[in-house]
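These notes are about the structure you will find just below.
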Amino acid sequence: MYNRAVFPIYNKVYAHNSIIKASYKLLKTYLFTPFLYFFCLFVLFFKLFL
10 MYNRAVFPIY NKVYAHNSII KASYKLLKTY LFTPFLYFFC LFVLFFKLFL
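Residues 10 to 59 in my numbering are what the sequence shown lists, from first letter to last.
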């Protein structure tokens, strides 16, 4: 029962972590394009607060 309650929460956190890691990789690749940087921040903000 404990595992069943924790697993969805862990899944959500893991999904957010992979999103953040992916955007961080993207930022490292396109470090000199501020537009992409702000776009990634906007997407993260949108996903966190929606």
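Built from N, CA and C at the ideal position, the CB exists for glycine as well. Since the structure is predicted, the reported quantities are computational estimates derived from the model, not experimental observations.
Sub-8 Å separation of Leu50 and Leu35 beta-carbons: By one-based count along the sequence shown, residue 50 stands at place 41. By one-based count along the sequence shown, residue 35 stands at place 26. Not a contact, by the Cβ cut-off of 8 Å.
For Thr42, the three-state DSSP class (helix, strand or coil): On the sequence shown, position 33 is the one that residue 42 refers to. Thr42 falls in the coil class under three-state DSSP.
C-alpha distance - Val52 paired with Val22, whole-angstrom precision: Here the question's residue 52 lines up with position 43 in the sequence shown. Here the question's residue 22 lines up with position 13 in the sequence shown. Looking at the two C-alpha atoms, the distance is approximately 16 Å.
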